[in-house]
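My numbering numbers the first residue of the sequence shown as 8 and each following residue consecutively.
Where is the CB? At the ideal position from N, CA and C, for every residue including glycine.
A short worksheet on the structure shown next.
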Amino acid sequence: MKKFLTIFLVAILAISLAACGSNNSSGENTNNNSGSDSATGGEQITSEKIVMGFVPSQESDTIADTVEPLADRLGEELGVEVEGRVMTDYTALIEAMGSNEVHVGFIPAFGYVLANEQYGAEVILKSIRYGSGTYKAQYIVRADSGIESLADLEGKIWAYPDAASTSGFLFPASQLMDEFDIASAQDLQTTFFSDTLQSGGHDTAAIAVYEGDADVATTFDDVRTGLEEEYPDIMEKTKVLGYTDEIPNDTISVTKELDDELVQKIKDTFLSFNEDEDMIKIMNEVYSWDEISEATDEEYKVVKETYEKFKDSISF
Numbered sequence: 008m009k010k011f012l013t014i015f016l017v018a019i020l021a022i023s024l025a026a027c028g029s030n031n032s033s034g035e036n037t038n039n040n041s042g043s044d045s046a047t048g049g050e051q052i053t054s055e056k057i058v059m060g061f062v063p064s065q066e067s068d069t070i071a072d073t074v075e076p077l078a079d080r081l082g083e084e085l086g087v088e089v090e091g092r093v094m095t096d097y098t099a100l101i102e103a104m105g106s107n108e109v110h111v112g113f114i115p116a117f118g119y120v121l122a123n124e125q126y127g128a129e130v131i132l133k134s135i136r137y138g139s140g141t142y143k144a145q146y147i148v149r150a151d152s153g154i155e156s157l158a159d160l161e162g163k164i165w166a167y168p169d170a171a172s173t174s175g176f177l178f179p180a181s182q183l184m185d186e187f188d189i190a191s192a193q194d195l196q197t198t199f200f201s202d203t204l205q206s207g208g209h210d211t212a213a214i215a216v217y218e219g220d221a222d223v224a225t226t227f228d229d230v231r232t233g234l235e236e237e238y239p240d241i242m243e244k245t246k247v248l249g250y251t252d253e254i255p256n257d258t259i260s261v262t263k264e265l266d267d268e269l270v271q272k273i274k275d276t277f278l279s280f281n282e283d284e285d286m287i288k289i290m291n292e293v294y295s296w297d298e299i300s301e302a303t304d305e306e307y308k309v310v311k312e313t314y315e316k317f318k319d320s321i322s323f
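Below is the structure:
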């Protein structure tokens with residue numbers, strides 16, 4: 008069973024890496040630092056170009072357009088070129104940070120844990136939403152589905168954004184495994200659920216339920232508010248079945264090769280955006296951030312402990 012999930016996730020990674028390669032098909036070195044050696048932990052990067060990585064919470068083209076002024080402003084403050092790059096998924100972003108194709112990553116808690124463990128990435132900032140540094144994942148079902156409890160999900164189709172998503176996969180999977188004494192994530196996907204759908208984004212997972220392609224979606228709370236313009240009746244057609252325990256908010260993390268002074272400048276610049284209505288509006292439009300706060304590795308201990316359940320069966 009562990010072997011099955013490992014193969015499954017390695018396949019996801021292979022597809023993600025291929026997509027990353029196509030985004031840089033010109034062969035251009037996005038690192039712009041011949042003096043650094045990420046594989047051997049060599050000289051720290053004081054780059055003339057910083058690449059920020061994002062993953063889709065909405066259509067990729069929309070995010071790319073939205074983050075462009077954020078990248079431009081950050082570049083002005085740092086005195087370097089800053090590029091905003093939308094990756095295919097969290098796995099691709101983590102791997103890009105590991106190879107220094109991306110220097111600053113907007114990654115969720117689980118993604119940070121993986122990036123920290125695999126590549127020494129460092130969390131520097133976190134999001135604040137509705138005054139809180141934590142949030143919950145939710146289970147969305149159709150209002151007319153007849154599903155009234157987590158137990159009713161057995162035999163149903165589960166849509167989740169990404170296998171490396173904290174709220175979309177890790178915490179809901181852990182909760183369901185505990186509640187129903189399920190031995191592994193592979194058993195959860197193939198025995199408890201009749202089928203699964205990896206949608207690529209929180210919004211698309213919710214839409215899969217809305218359109219009847221899945222019975223339940225696991226997303227951050229509450230992804231549906233950003234979908235009401237396109238789907239005005241989504242609140243009436245769907246409902247929240249339940250929530251997970253509290254999860255530390257998503258992060259802004261950096262690669263270990265970035266120069267310490269540059270990291271401090273990046274941190275200070277992002278924190279200064281709290282006083283800039285236009286910048287916070289962009290952060291809100293992309294990932295619903297209301298404020299930016301400093302963060303430490305210790306705050307993500309609960310995620311690391313949850314990850315231990317999956318560590319032996321997940322390979323990246």
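I think residue i touches residue j, with their Cβ atoms under 8 Å apart; what is that distance to the nearest whole Å?
i	j	result
residue 268	residue 107	So it is not a contact: roughly 18 Å between Cβ atoms.
residue 59	residue 92	7 Å
residue 170	residue 251	Rounded, the Cβ-Cβ distance is 16 Å, inconsistent with contact.
residue 70	residue 173	The pair is not a contact, with the Cβ atoms about 19 Å apart (cut-off 8 Å).
residue 158	residue 212	Residue 158 to residue 212, Cβ: 21 Å. No contact.
Just how far apart, CA to CA, sit residue i and residue j?
i	j	result
residue 285	residue 235	23 Å
residue 302	residue 86	24 Å
residue 42	residue 101	Residue placement at residue 42 is poorly supported in this model, since its pLDDT is 38, which falls under 50; the coordinates still yield a value, given next. Looking at the two C-alpha atoms, the distance is approximately 22 Å.
residue 305	residue 206	31 Å
residue 201	residue 73	37 Å
residue 194	residue 271	44 Å
residue 154	residue 55	54 Å
residue 140	residue 281	15 Å
residue 38	residue 176	Reliability fails at residue 38, whose pLDDT of 38 lies under 50, so the model's placement of it is uncertain and no value is given.
residue 315	residue 114	19 Å
residue 83	residue 242	41 Å
residue 247	residue 77	33 Å
residue 313	residue 307	10 Å
residue 94	residue 112	10 Å
residue 103	residue 182	30 Å
residue 186	residue 199	12 Å
residue 249	residue 229	12 Å
residue 291	residue 274	18 Å
residue 232	residue 63	16 Å
residue 333	residue 156	Shown here, the chain extends from 8 to 323; a query on residue 333 therefore has no answer.
residue 119	residue 217	30 Å
residue 283	residue 178	33 Å
residue 256	residue 89	24 Å
Output the boundary residues of the alpha helix (DSSP H) element that contains residue i.
i	result
residue 260	No alpha helix (DSSP H) contains residue 260, which is instead part of the beta strand (DSSP E) from 258-261.
residue 216	209-217
residue 101	97-105
residue 317	308-318
residue 182	178-186
residue 285	284-294
Buried or exposed: residue i, going by 16 or more other Cβ atoms within 10 Å of its Cβ?
i	result
residue 105	buried
residue 239	exposed
residue 125	exposed
residue 47	Reliability of the predicted coordinates at residue 47 is poor, the pLDDT of 35 falling under 50, and no value is obtained from them.
residue 138	exposed
residue 222	buried
residue 49	Note on residue 49: pLDDT 43, under 50, position unreliable in the model; the coordinate value appears next. The residue is exposed, with fewer than 16 neighbouring Cβ atoms inside 10 Å.
residue 150	exposed
residue 219	exposed
residue 28	Because the pLDDT at residue 28 is just 40, under 50, the model does not fix this residue reliably, and the value given afterwards should be weighed accordingly. Exposed.
residue 245	buried
residue 191	buried
Would you kindly report the start and end of the unbroken beta strand (DSSP E) that includes residue i?
i	result
residue 145	144-149
residue 113	111-114
residue 61	56-61
residue 276	Premise fails: residue 276 lies in the alpha helix (DSSP H), 267-279, not in any beta strand (DSSP E).
residue 134	129-135
residue 298	298-301
residue 246	245-250
residue 223	223-227
residue 236	Residue 236 -> no beta strand (DSSP E), and no H or E assigned at all.
residue 91	88-93
residue 205	202-205
Relative to the alpha-carbon of residue i, which residue among the options has its alpha-carbon at the smallest distance?
i	options	result
residue 293	150, 103, 134	134
residue 7	316, 278, 88, 282	Shown here, the chain extends from 8 to 323; a query on residue 7 therefore has no answer.
residue 311	94, 116, 185, 193	116
residue 204	158, 172, 224, 74	224
residue 128	296, 307, 261, 109	261
residue 164	156, 298, 196, 244	196
residue 109	243, 57, 149, 96	57
residue 299	184, 258, 162	258
residue 227	244, 168, 183	168
residue 209	190, 188, 96, 184	96
residue 334	82, 213, 136, 111	Not covered by the structure: residue 334. The range shown for the chain is 8 to 323.
residue 214	147, 180, 266, 157	147
residue 99	89, 61, 88	61
residue 161	295, 189, 178	189
residue 317	217, 249, 180	180
residue 295	266, 152, 142, 121	142
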